[in-house]
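This report concerns only the one structure given below.
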Amino acid sequence: MRLFARCYAPFRPSCIPRATVSGNDASRSPEDDKTAGCSLISSTDPAVKAPALRLVDDHEVPAGTMAQWIDLNISGECLSVKRSTLCAVKGSVMATLFSGQVDDEFVRDAHGRWFLPVYAPAFNWMVEKLTRYEQGAISVDDMGLSDAQKRDLPFSYWVNMLLRVPTDQQRDRSTDSTEADMGRLRAIKPLLRSPSKDDNELVTLDVIAWKVTVTVGASRALGETSNFFRRFNTYDRSSVCPLDCVRRVVDLAVRASIQSRPPSIEDVRQSMGASDLSEYRETLDLFGIDSSVYLSPGEGDWLLTQEHIDFIRNSEWDTVKATDDLDPHVAHLRAIPARLGEPIKRLYRASVDGWRWAQFLDAVKGHSPLLLMGRVEGTGELFAVAIAGQIDVTADNGSEVEAKTALFKLKRPAGYRQEEGLLGGSKLHLAGLRQLRVEDDITAKGTTVRALLVVSGFDMGILPSSAGQRPPSVNVAMLHSLKRCHAFAPSSFWPTWERAKVHVPGWETISQAGFSPASVRGWYFDLDELEAYALA
């Protein structure tokens, strides 16, 4: 009994109509076209299913087949790989794909190479790892992805698909002994030919000195009226966009075709990888994927990065631990979403929206939890303040709000650790519509400081007062700037930080002194940028 029957529905979004396209890059014989298309056996009859699946496990590969070199076309990049290398990880989807069972079902290019719609850098990485594994230079455990590769969707998607092997525990839990086999077979289905001659044809785009190739079926992923389809089938088939950006955008459409759904905002953002933002935007727009829809207008110039999010979420220091880390309105570190992008939204950027208290309040009103990011003028140091509460000011006078807060230093000058948790608190002090908050200035005995926003260890929008003088009532809080700041931290946190220290009453159990966590001269510093993000 054969493993594959030769019929199944075209694998593409059902909402997209079909069209006949000519002038493609591939040529096939009439004999090839007669046998186009394949499908996994879908019968639920065990008498049909079992023999077919046993063929995968027990099939005897003809002598010499594993030594065969296979010429491949990986989305336009051509290479030759030994079959034994591709089958090195037994039980993987890759091994099933090149086991010899479906050789006749691959789409072929004009030169007879086997075509796969895989992101080429990811496939090349897999071939390198498989070669070293086959030679005994590394183990399976050495084939894991780095953190950067895990966040790079075109990379992680294909590696996880092709090198995935069901674990012994997964096999033991399976109520159907053929479940793992069917999973591998379902995975390779969209990589092989469909019954449609048009869908199997290859179309190629010249990208400077290289080529990027897709099937006509995949080029329909965004619709036959889309610029993506027309770039491959109608317009001048050339592009001067960076090669990797083109590959990433093409892979985005290929994955959309495989998953039978349009790309999501998260898909587009996570497909950028380490590409230059402006070049990635240009490439998206060239292929008719509106970057203004899928990428936030300022995304890429955000102060907040994925590395910052990872650090904050993984921090473990007692002063900001919450009793209920599942409460989304608690400023616990895990309340911050794991990924940059939705639902994180930038609400405010001072250089664009203005530095005044009124402008800041208007932007953040009604949002909680919040994350504020400030960059120190002249040094580039970054501070972050997480606030589990709303900043909602309606009275003339200042107010005190019950809200958990956490202060972080996320970037320092060279030569020091770049990230640190500083202080956690339970109160948020806010200026009113007219009057600023008046707080004791612990860095200068007998003085006070007026401020717009105060959390443990960090005061924003300050007006220092002279020693012994009480600050006058101020009726211009809404017009006051957030630029000037004041910060302090226990000196025991950073014993190597060579900064001026001051004794802080009440801190005896934590540290004998406090110091400025910013490297500028004195206790006060200015910000050259301030951003506010909604975390939910």
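For the sequence shown, my numbering begins at 18 and goes up steadily by one. Note that beta-carbon positions come from the ideal geometry of N, C-alpha and C, so glycine has one too.
Asked	Found
As assigned by DSSP and simplified to three states, the class of ASN331	helix
Proximity below 7 Å, CB of LEU89 to CB of TRP142	no
Rounded straight-line distance, which links the Cα of ALA405 to that of LEU445	9 Å
Enclosing alpha helix (DSSP H) for ALA504 [first to last residue]	It is not in any alpha helix (DSSP H) - ALA504 instead sits in the beta strand (DSSP E) that spans 501-504.
Member of LEU133, GLY108 and LYS107 whose CA lies at the smallest distance from the CA of ILE87	LEU133
Sufficient close CB pairs (3 or more, under 8 Å) joining the segment 405-415 to the segment 373-387	yes
Endpoints, the beta strand (DSSP E) within which ASP476 is located	475-477
Cβ-based neighbour list, ARG287, same chain, cut-off 6 Å, excluding 5 preceding and 5 following	The amino acid at residue 287 is misidentified as Arg; the sequence shows Gln. For GLN287, where only same-chain residues beyond five positions count, the Cβ hits under 6 Å are LEU170.
Cβ-based burial, VAL369 [other Cβ within 10 Å; buried from 16]	exposed
Closer than 6 Å: ILE408 CB and nearest the ligand SAM heavy atom	Looking for the ligand SAM in the displayed structure turns up nothing, as the structure carries no ligands at all.
Endpoints, alpha helix (DSSP H) assigned at TYR136	Counting along the chain, TYR136 falls outside any alpha helix (DSSP H), and DSSP gives it neither H nor E.
Backbone CA spacing between HIS349 and ASP268 [nearest angstrom]	Reliability fails at HIS349, whose pLDDT of 48 lies under 50, so the model's placement of it is uncertain and the value that follows must be treated cautiously. Near 37 Å, if we compare the C-alpha coordinates of ASP268 and HIS349.
Helix, strand or coil at VAL257 according to DSSP, with G and I counted as helix	coil
Strand pairing of THR232, partner residues [DSSP]	LEU219
Contact check, LEU180 vs SER109, beta carbons under 7 Å	yes
Distance between GLN166 and ALA291 (C-alpha atoms, nearest Å)	10 Å
Rounded C-alpha distance that separates ILE326 from ALA273	28 Å
Nearest-angstrom Cα separation, counted from LEU469 out to GLU296	39 Å
Neighbour-count burial assignment, TRP175, 16 or more Cβ in a 10 Å radius	buried
Cβ neighbours of LEU114 in the same chain (closer than 7 Å, five flanking residues each side left out)	ILE205 and LEU208
Cβ-Cβ distance between ALA448 and ALA504 below 7 Å	no
Beta-carbon spacing of ALA367, LEU496 below 7 Å	no
Whole-Å CB distance - SER450 paired with ALA412, under 8 Å assumed	Note that residue 450 is Leu in the sequence shown, not Ser. Confirmed, Cβ separation roughly 7 Å.
Rounded C-alpha distance that separates ALA549 from VAL157	43 Å
Chain-order list of residues whose beta-carbon lies under 6 Å from that of GLY305 (same chain, five-residue window excluded)	SER243, ASN244 and PHE245
With 16 other Cβ atoms within 10 Å as the buried cut-off, status of ASP164	exposed
Pick from VAL263, VAL229, LEU103 and THR322 that is closest to ILE361, judged by C-alpha positions	THR322
DSSP three-state assignment for PHE249, whether helix, strand or coil	helix
Residue interval of the alpha helix (DSSP H) (run including LYS167)	164-168
Assigned secondary structure, THR411 (DSSP; H/G/I helix, E/B strand, else coil)	coil
Proximity of ALA235 and VAL271 at Cβ, strictly below 7 Å	yes
Per-residue burial, SER211 [other beta carbons within 10 Å of its own, 16 or more giving buried]	buried
Where SER59 falls: helix, strand or coil (DSSP)	Low per-residue confidence applies at SER59: pLDDT is 32, beneath 50, and the placement is therefore not dependable enough to give any value.
Beta-carbon gap between GLY442 and THR422 smaller than 7 Å	yes
Residue interval of the alpha helix (DSSP H) (run including TRP374)	374-381
Alpha-carbon to alpha-carbon, PHE249 and SER256	11 Å
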